[in-house]
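Be aware that the sequence shown starts at 3, since it is given in the numbering used here, and climbs by one per residue.
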Amino acid sequence: MARFLYALALYAVLPLILQRLWWRGLREPGYRRHLGERFGYYREARPEKPLLWVHAVSVGEARAAAPLVRALKQAFPDHAIVMTGTTAAGRETVRQVYGESVIATFLPYDYPESVQAFLDHFRPRLGILMETEIWPNLLAHCAEQEVPVVLANARLSEKSARGYRRWRALIAPAFRSLAAVCAQSEADAARLRELGAPRVEVTGNLKFDVTLDAAQLAAGREWKAKVARPVLLLASTREGEEKLLLNELKDESFLTVVVPRHPQRFDEVSSISQSRRTRARLPDPKDQVHLGDTMGEMAFYYAGCDVAVIGGSFLPLGGQNLIEALAAGVPVVFGPSMFNFAEASRLALEAGAALQAEDPAAAIGMARVLIADGVRRAEMSEAGRKLCAAHQGATQKHLAVLKELVRG
């Protein structure tokens, strides 16, 4: 009954969903493309090979899946891989990271006939949902057709767990239908078991296994040498955070580079910067704020800075990925809201690779101190690299679970 009422609610809001797609398409044209895929209509023929399906909702998940996808291609060379996403930026990231090595498409909305059409078309042998993507109709249809589904790199904050508990009649059967869950931490695993997931293993965080692009790292270091002054990076900032942080800056001796999390905000943020990367590869020596308005170049920006302040953490948004910065050897500062990266941020603080600030003023103050203290920066840099090296290996642990399910 709960799933029936859920489906009725989805049908009721269909006009709003279409309206939202059209509205978002004004800022991101990718939302107006491939509309049929969102309802289970696919133009491309299904490959003749058996197929594995990986769902990465947006940019972060698409990048985090990279080591796992590479491992799957090596372990199952006779299989094709389809990667689904939800956001236009996520689909573009799949194209950038994986090229033609995977089939890229949108996952349909969770309408019964749409998810059934998706399964009928692709007939996957295994489904892998990155992080926490629970869709009741999709999982019910997978179970009915005996398609095992794994929740990979799974994380579940206490806040999200409370939200799921309110809808237990709808959500619990979805969790119970999962073939396996590969959780990032013991805390995540406990919350997932409490919600009904039957087989939960702690496999670690795949993001520690992501390999940074060596060419981007080299280019970032070269760029920084040409800038010839200290650089503060405001990384993956969300709406409203740029002004909060930049308001704490005065006439600084260093350059501040701002890289917004979402590309549709590049033009908006350009109004508070003096230059932008796509128009001036090098900022003017008098510039105080430079906009990083390119996608897929975070390794470049991390290599080109002295200290990184991680966005998404100064408003109640749960933070953004700090592991890439740690792997690049950058001292990290983040704000009070990191519940989406609770385990990674805890490990970084304990290792001495990161600092946590209570507000934007404190964060900028910490960044100033670090920029002036080369010895402290070097210590934090080494601690971050060691932390990342110590926590690698999640890919192989995931792969062991996936191999068992595919062969079974």
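Glycine included, C-beta positions come from ideal geometry on N, C-alpha and C.
- Query: Identify the residues that DSSP records as bridge partners of Gln358: which are they?
  - Reply: Phe336
- Return the chain-ordered list of same chain residues with a C-beta closer than 6 Å to the C-beta of Ala353, the five sequence neighbours on each side being excluded. Ala385, Leu389
- Task: Could you check what DSSP says for Pro262 in three-state terms: helix, strand or coil?
- Result: strand
- State yes or no: is the C-beta of Val59 within less than 8 Å of the C-beta of Glu135? yes
- Task: Take Leu20 as the anchor and find which of Phe6, Arg35, Tyr8 has the nearest alpha-carbon.
- Result: Arg35
- Report the rounded CA-to-CA distance for His143 versus Leu18, giving the unit in angstroms. 25 Å
- Message: Going by beta-carbon coordinates alone, are Leu121 and Val149 separated by less than 8 Å?
- Response: yes
- Query: Are the segment 83-93 and the segment 49-69 touching by the rule of at least three beta carbon pairs closer than 8 Å?
  - Reply: yes
- Query: Among the residues of its own chain, which have a CB less than 6 Å from the CB of Leu235, if the five just before and after it don't count?
  - Reply: Val259, Tyr303, Cys307, Ala310
- Complete alpha helix (DSSP H) runs within the segment 238-307 (minimum length 4 residues, chain order): 243-248, 268-272, 300-305
- Near Ala182, what residues of its chain come up, given a Cβ to Cβ distance below 6 Å and the 5 sequence neighbours on each side ignored? Val152, Arg201, Val403
- Taking all protein chains shown into account, do 16 or more other C-beta atoms lie within 10 angstroms of the C-beta of Phe6, making it buried, or fewer, making it exposed? exposed
- Task: Mind reading off the beta-carbon distance from Leu257 to Arg231? Whole number of angstroms is fine, and I expect it under 8 Å.
- Result: 6 Å
- CB-CB length for Leu246 against Pro175, believed under 8 Å: That pair is no contact at about 42 Å.
- Item | Contacting residues, own chain, Cβ-Cβ under 7 Å from Gly62 (five flanking each side not counted) | Asn323
- Task: Determine contact between the segment 202-210 and the segment 393-403, defined as no fewer than three beta-carbon pairs at a distance below 8 Å.
- Result: yes
- Message: Is the separation between the beta-carbon of Arg93 and that of Phe108 shorter than 8 Å?
- Response: yes
- Skipping 5 residues on each side, what residues in its chain have a beta carbon closer than 8 Å to that of Leu180? Leu141, Val151, Val152, Leu153, Ala199, Pro200, Arg201
- Message: Given this structure, state the Cα-to-Cα distance separating Val334 from Gly367, to the nearest angstrom.
- Response: 13 Å
- Inter-stretch contact (C-beta, 8 Å, three-pair minimum) for the segment 272-292 and the segment 327-347: no
- Nearest-angstrom Cα separation, counted from Gln186 out to Asn342: 11 Å
- Query: Taking DSSP as the reference, what is the three-state secondary structure of Val149?
  - Reply: coil
- Item | Where the alpha helix (DSSP H) through Thr95 begins and ends | 90-100
- Message: One question on the structure: do Ala350 and Leu214 come within less than 8 Å of each other, judged by their Cβ atoms?
- Response: no
- Message: On a Cα-Cα basis, can you pick out the residue from Thr296, Leu37, Asn249 that is closest to Val261?
- Response: Thr296
- Query: Near Phe2, which residues of its chain fall below 8 Å by C-beta distance, leaving aside the five closest residues on each side in sequence?
  - Reply: Not covered by the structure: residue 2. The range shown for the chain is 3 to 410.
- Is Ala4 closer than 8 Å to Leu172 when the C-beta atoms are compared? yes
- Query: Under a three-way DSSP split, which group does Trp25 fall into?
  - Reply: helix
- Task: With a threshold of 16 other CB atoms inside 10 Å of the CB of Gly313, please say whether the residue is buried or exposed.
- Result: buried
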